[in-house]
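The opening position of the sequence shown corresponds to residue 0 in numbering that gives the first Met the number 0, with each subsequent residue numbered one higher. The C-beta atom is built at its ideal place from N, Cα and C for all residues, glycine as well.
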Amino acid sequence: MKRFLFIVMAAAMGLVWSPSRACTNFIITRGASTDGSILVTYAADSHQLYGELYQNRAAKYKAGTMMPVYEWDTGKYLGDIPQVSQTYSTLSNMNEHSLIITETTYGGRAELHNPEGLIDYGSLIYITLQRAKTAREAINTIVELANTYGYYSEGESFSIADQEEAWIMELIGKGPGNKGIVWVARRIPDGYIAAHANQARITTFPLNDPENCMYAPDVISFAREKGYFSGKDEEFSFCDAYAPLDFSAMRACEARVWAFFRTFADDMDKYVDYAMGHNANNRMPLWVKPSKKISPKQVFDAMRDHYEGTPMDMTTDLGAGGHALPYRWRPMSWKVDEKTYVNERATATQQTGFWMVGQARPEKTGILWFGVDDAATSCLTPIYCNSTEVAECLAEDNGSMLEYTPTSAFWLFNRVTNFAYMRYDMISADIRKVIDFWENSMLEAVELTDRTASGFSQAKQKKYYTLFSVNTANEMFENWSRLDKYLLIKYVDGNVKSENYDVLKYVIGEGGDATHFVDNGNGKQIPDKIQFPGYNEKWKRAVAADNGKILEQK
C-alpha cells in the first residue's frame, strides 16, 4: 500500500526525509515455524482503504474474453487485458492453492514511473493469484504481466510464498515509453525469517544460482545506462541502485523490520543506530535466523508492535498523553521554534484497512488469518483458503470509508479501537484479553477442524471448511459487538466501573447483563465502587509545570 508523503528535516542530523509509505510484511519459513508452515503477514495501511475481504471465485472463460484493470489505490480504470481460460479462487491475498502474495511500496527513483502502463501493483497481486499455483509460477506471471502490458506503479517489494518456499521479489518500472520492469527475486533460506516495510532490501545477489535467485536479464545493464551503477556486476546492489537509502527509509521503514528481527533473533540491538536513521553503513541483513522456532500466535502478536522497550518506544514520552497512547496523529512531522521533529511509524498503526497472516501448510489446506483495522486492538479470524463464501461482516460492498453500516466488521472494530485511544493503557488491556482468548481458541479450533475433515471427500471438506470460516467470523463479530457495549458501560465519562467478573465473562462467557458490574445493592442498578484513576505521573508533572501557577491549590 502506498505510503504518504511527508518531507521533513531531521534536526539532529540535517537530513531530509524522503517520501514514506505504509504496509508491513513479515515472512517465516517452514524451518523457522513451530508447525512447519510458512507464514506471511500483511498490514494494508492507508487512510483511504476500507477493510473488507476480497473474493474472486474460480471461473472458466471463452477465448477472446477481456478483463478490465483498475488501479487498486484509486479505482482508476487503466485498460483491458486478455483473460485466461481458467482462473483460481482467491480470498484476500491468498488463493485456493495456498499461494500468498503481499506487498510494500518503496517508491524508488521517481523517473522510473511509467504513467502509460496498464498494470498497477495491486492488479499484479490479484491477477497473479488467479493465475498461478506456486511461488515460482507467480514470479514468472508477475514479470510477464508487467512486461507485456506495462507497469503503472512505483517500486514494489513482494512477499511470495507457497506450501514449500518463500521469496522476496523487488521490482521497479523503466520510465515513460518503456513498459517493462527490472527486478530481482531471492528465495529465503529455510529456517530463516525475513521482512520488508516500504524500503527495498535486496542488495547484492548471486548471479549464477537460478534455484535461489532470479532476476531480469537487464537489471544491471539498465542501471548502468541510467547512471545508477558503474562497478563490477558482482558488486551490484538492487536497492542501492533503484532505491537508495535515506533517513526516512531507515527510521520510518527499516525500523519496523528491525523491531521484528529483534523480537526473534539474537544480537539485533547492534543495528539500533541503523534503525534510528543514524548509520546507513550498519545495514541489517536481508534475513536472519531466529533463536527459537516461532509459533503462529507469536507472528500475530509481532504485528502489534509499537517499538516497546526500544529508544523509539511510543508509549513513554509526553506525546503519549496521560494514558500511554502509542500513536501520533498525522502529519508525521511538526515544528517548534524552527526545529522539525518526527513521529515514529511503528508496525501497528491506526490507519490499517485490513491485515492478515497467510499460513501455507504442507499437505493441509492453507489458512488466511484475517482482520480489519489497527492490529494492536483487533483480532484475526481463521478462513480456509478454499472457502467458497465470506461472512457478511467481512464481505465486499458492505459499507465504505464514506458509508457507515452496522453489519460491517471494519466499522465495529474502528468504533471499539477509537474509543480505546481515549484511555489506551486501560481500555487496550481489556481488548487484549479478548484478542488473546479468541486467537488461541481459534488455533485450537483449526486443529480440531482439520482432524474432523481429514476423512472427508474433497467436495465435502470444502463445504465444511467454508461453514467453519463463515461461522467463526460471525462469532467474532458478535463477540466484538458485546465488547463494544462492555467498554462503553465500563469507561463512560472517564470513570471506571468495578466488576464482579472478568471481561471475558461478559464478552465470551455468560455475562452481558447488569450483574456483571458492581451495584450498590439497592436493586436499582446504580453502580457502586466507581474508580477515578486520573492520569499517569508524567502527564501530571507536565501539566503542573505548564500551568501550575493557575492550578495549584493553596
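{"query": "DSSP three-state assignment for residue 76, whether helix, strand or coil", "result": "strand"}
{"query": "Contact under 8 angstroms by Cβ, residue 421 with residue 532", "result": "no"}
{"query": "Presumed contact (8 angstroms Cβ cut-off) between residue 496 and residue 529, rounded CB distance", "result": "6 angstroms"}
{"query": "Backbone CA spacing between residue 148 and residue 382 [nearest angstrom]", "result": "33 angstroms"}
{"query": "Cβ shell of residue 322 (< 6 angstroms), same chain only, five flanking positions each side left out", "result": "422, 423 and 424"}
{"query": "Pick from 83, 97, 154 and 163 that is closest to residue 140, judged by C-alpha positions", "result": "83"}
{"query": "Reduced DSSP secondary structure (H/G/I, E/B, other) of residue 155", "result": "strand"}
{"query": "Distance between beta carbons of residue 122 and residue 182, contact taken as under 8 angstroms", "result": "With a Cβ gap of about 16 angstroms, residue 182 and residue 122 do not count as contacting."}
{"query": "For residue 2, three-class secondary structure by DSSP", "result": "Confidence is the limiting factor: at residue 2 the pLDDT is only 37, short of 50, which leaves the residue's position unreliable and the question unanswerable from this model."}
{"query": "Euclidean distance between Cα positions of residue 346 and residue 105", "result": "15 angstroms"}
{"query": "Local conformation of residue 295 per DSSP, three classes", "result": "helix"}
{"query": "Limits of the beta strand (DSSP E) - the one that residue 129 falls within", "result": "From DSSP, residue 129 is part of no beta strand (DSSP E) but of the alpha helix (DSSP H) over 120 to 130."}
{"query": "Proximal residues to residue 419 (C-beta, below 8 angstroms), its chain only, five neighbours per side dropped", "result": "376, 426, 427, 430 and 486"}
{"query": "At least 3 beta-carbon pairs within less than 8 angstroms: the region 432 to 445 vs the region 468 to 478", "result": "yes"}
{"query": "Status (buried if at least 16 other CB within 10 Å, exposed otherwise) for residue 543", "result": "exposed"}
{"query": "Residue 222 beta carbon less than 8 angstroms from that of residue 240", "result": "yes"}
{"query": "For residue 166, three-class secondary structure by DSSP", "result": "strand"}
{"query": "Beta-carbon proximity check, residue 365 vs residue 378, cutoff 8 angstroms", "result": "no"}
{"query": "Burial state of residue 257, where buried means 16 or more other Cβ atoms lie within 10 Å", "result": "buried"}
{"query": "Identity of the residues DSSP links to residue 69 by a beta bridge", "result": "76"}
{"query": "Length of the line joining the Cα atoms of residue 407 and residue 392", "result": "5 angstroms"}
{"query": "Residue 582 to residue 352 span [Cα, whole Å]", "result": "An answer regarding residue 582 cannot be provided, because it is not within the stretch 0 to 553 covered by the chain."}
{"query": "Pick from 414, 526, 537 and 274 that is closest to residue 481, judged by C-alpha positions", "result": "414"}
{"query": "Between the CA atoms of residue 167 and residue 201 - distance to the nearest angstrom", "result": "8 angstroms"}
{"query": "Length of the line joining the Cα atoms of residue 57 and residue 30", "result": "32 angstroms"}
{"query": "Limits of the alpha helix (DSSP H) - the one that residue 548 falls within", "result": "536 to 550"}
{"query": "Residues near residue 184 in its chain [Cβ-Cβ closer than 6 angstroms; skip 5 each side]", "result": "138, 166, 168 and 213"}
{"query": "Alpha helix (DSSP H) runs wholly inside the region 252 to 339, at least 4 long, in chain order", "result": "254 to 263, 271 to 274 and 295 to 301"}
{"query": "Boundaries of the alpha helix (DSSP H) in which residue 415 is found, first to last residue", "result": "408 to 419"}
{"query": "Status (buried if at least 16 other CB within 10 Å, exposed otherwise) for residue 287", "result": "buried"}
{"query": "Whether residue 53 touches residue 67 by CB criterion (8 angstroms)", "result": "no"}
{"query": "Residues that DSSP places opposite residue 518 in a beta bridge", "result": "526"}
{"query": "Distance, residue 341 Cα to residue 334 Cα", "result": "9 angstroms"}
{"query": "Sufficient close CB pairs (3 or more, under 8 angstroms) joining the region 267 to 281 to the region 168 to 177", "result": "no"}
{"query": "Cα-Cα separation between residue 8 and residue 252, rounded to whole angstroms", "result": "Low local confidence applies: a pLDDT of 30 at residue 8 is under 50, so the model's placement there is unreliable, and no value is given."}
{"query": "Close-in-space but distant-in-sequence residues of the same chain around residue 483 (CB under 7 angstroms, 5 per side omitted)", "result": "411, 414 and 415"}
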